[in-house]
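One structure is given here, and the rest of the page talks about it.
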Amino acid sequence: MLYNKKIVELTPAKLQIITMSINKSFLQFVPIICHLFSLAVATNISAILYDVSPFIKVYKNGTVERLFGTSIVPASFDPTAKVLSKDIKISPKLNVSARIYLPKNANCKLPLLVYFHGGAFFTESAFSPTYHSYLNSLVAKANIVAVSVNYRLAPENPLPIGYQDSWLALKWVFSHAKGKIGNYEEWLKKYVDFGHVYLGGDSAGGNIAHNMAIWVGSDMGIVLDGLFLNCPHFWGKTLIGNESNDPKRAGVMESIWVHAYRILRVSMTRYRIRVWIRIFRS
Ligand SMILES: *[C@@H]1O[C@H](CO)[C@@H](O)[C@H](O)[C@H]1NC(C)=O
Ligand SMILES: *[C@@H]1O[C@H](CO)[C@@H](O)[C@H](O)[C@H]1NC(C)=O
Ligand SMILES: *[C@@H]1O[C@H](CO)[C@@H](O)[C@H](O)[C@H]1NC(C)=O
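In our numbering, the protein residues as written are 1147 to 1428.
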C-alpha cells in the first residue's frame, strides 16, 4: 500500500504574516522560543530516536529494540498436529528464507498456502513460536502444504525491501510449477498442486499478501485460488470508518508507515528543512 503524507507548504502570503508579526512584537514570542528551546534540550537528553511501541524503540546510538517477536524455535516434527517442517534458504546473499510445512501422512499433491507473518514490518519472523505453532495447526486442519516466508525487517531494511523479498520467495516457490530448477525443494515438487495456490497473512503480512496478489496478476503462469487476509494492516492519508475515534491508535498506525518506509521519512525531513530555510530567508 502506498501512503502519501500530505505536504503542507507555507505560502508566501502566510510567510509575510509571520515576518510582520515578528517585526511587530518580538517580546510576545519569547515564551514560545523558551518552550521550543526546552523541547530541544529534552529531546537531546532522551536516548530514544523514535518509539513505535508496542513494536520497536530505536535509540540514537543506532540500536533497534524489538519489544516482542525475537525468539525462534527450530523446524521440527509436531507430534500433536502431525506436521513436518524444515527451513530453506532462498537467497543466502539477501538472507531471505522460509519455513515449509507438510502433513506427515501426505501421499498426494495438496493445495499450497504461501504465508506472510505480521509484526508491523518491524518484528516477528517465520521462525517465532507464534507463527510456528499457528502454521502447524493451520496445515493440519486444512491439509495443505505451507511456505511461511521470512522477509527482512524494517527499519534496518525499510520497505519496499519486505515486498521485494516476499516477491523473490514467491517467484522461487512458483518456479517449482515448471521444469527442473537449480535451487529445488523436493517437498514443493512432490506434494504441491500448483493448480490450487493461496496467499495469506496477518496484519503487516496481510498487507504483503495483498500486494503480492496484485504483483502476481495474470502473467505469472499461476492462477491464485484465493487470498486469506487475517486482520490485514492498511493505512491511508485519509482516515476512514471509525479510525478517528482513537487518535492514539491512529498515531501508532501512522508511525508504522513513516518509520517502515524510509522514503516517507526522508521526504518529511526535507519538508521540515525547507520550511525552516524559507522562514529564515523571508
Ligand atoms: C544504545 O543505547 C541503549 C539505550 O541507552 C542501550 O541499551 C544500548 O546498549 C546502547 N547500544 C550501544 C551499542 O551502545
Ligand atoms: C538472517 O536471518 C536470520 C533469521 O531471521 C537471523 O537470525 C540472522 O541473524 C540473519 N543473518 C544476518 C547475517 O542478517
Ligand atoms: C472500530 O471498529 C472496529 C470494527 O467494528 C472495532 O473492532 C473497534 O473496536 C472500533 N474502534 C473504535 C475506536 O471505535
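Heads up, the beta-carbon is just placed ideally off N, CA and C, and yes, glycines get one too.
All of these numbers come straight from a predicted model, not from anything done at the bench.
Check: Distance CB(Ile1402)-CB(Phe1267) smaller than 8 Å; Outcome: yes
Check: DSSP bridge partner residues for Ile1307 (one or two, in chain order); Outcome: Bridge partners of Ile1307: none, in fact.
Check: Ser1401 - DSSP class collapsed to helix/strand/coil; Outcome: helix
Check: Three-pair Cβ contact test at 8 Å for the segment 1198-1210 versus the segment 1300-1307; Outcome: yes
Check: Closest by C-alpha distance to Ala1359, when choosing among Pro1378, Tyr1344, Ser1349, Tyr1205; Outcome: Tyr1344
Check: Span of the alpha helix (DSSP H), counted from its first residue to its last, around Leu1200; Outcome: Note on residue identity: the sequence assigns Pro, not Leu, to residue 1200. No alpha helix (DSSP H) holds Pro1200; DSSP gives it neither H nor E.
Check: Element boundaries [beta strand (DSSP E), containing Ala1292]; Outcome: 1291-1296
Check: Cβ-based neighbour list, Pro1200, same chain, cut-off 6 Å, excluding 5 preceding and 5 following; Outcome: Leu1213
Check: Helix, strand or coil at Ser1192 according to DSSP, with G and I counted as helix; Outcome: coil
Check: Helix, strand or coil at Glu1270 [DSSP, three-state]; Outcome: coil
Check: Segment limits, beta strand (DSSP E) that includes Lys1232; Outcome: 1229-1237
Check: Contact check, Leu1430 vs Ile1290, beta carbons under 8 Å; Outcome: Absent from the structure is residue 1430, since the part of the chain shown begins at 1147 and ends at 1428.
Check: C-beta contact flag for Ser1321 and Tyr1297 at 8 Å; Outcome: no
Check: Helix, strand or coil at Gly1325 according to DSSP, with G and I counted as helix; Outcome: coil
Check: For His1356, the nearest candidate out of Val1293, Lys1324, Leu1373 (CA to CA); Outcome: Leu1373
Check: Limits of the alpha helix (DSSP H) - the one that Pro1119 falls within; Outcome: Residue 1119 is absent from the structure shown; the chain starts at 1147 and stops at 1428.
Check: DSSP state of Ser1167 mapped onto helix, strand, coil; Outcome: Note on Ser1167: pLDDT 43, under 50, position unreliable in the model; no value is reported.
Check: Leu1148 to Leu1385 span [Cα, whole Å]; Outcome: Interpretation of Leu1148 is limited by its pLDDT of 35, a score under 50 that renders its predicted location unreliable; the figure taken from the coordinates is listed afterwards. Their Cα atoms are separated by approximately 15 Å.
Check: C-alpha distance - Ala1288 paired with Pro1225, whole-angstrom precision; Outcome: 17 Å
Check: Integer-rounded CB distance, given that Gly1308 should sit under 8 Å from Ile1236; Outcome: That pair is no contact at about 14 Å.
Check: Given Asp1371 as reference, the closest of Arg1395, Gly1346, Leu1281 once Cα atoms are compared; Outcome: Gly1346
Check: Pro1249 burial status per 10 Å Cβ neighbour count (16 or more: buried); Outcome: buried
Check: Backbone CA spacing between Ser1283 and Ser1217 [nearest angstrom]; Outcome: 19 Å
Check: DSSP three-state assignment for Val1210, whether helix, strand or coil; Outcome: strand
Check: Val1369 in three-state terms, based on DSSP; Outcome: coil
Check: Asn1135 beta carbon near ligand 1 (any heavy atom closer than 7 Å); Outcome: Absent from the structure is residue 1135, since the part of the chain shown begins at 1147 and ends at 1428.
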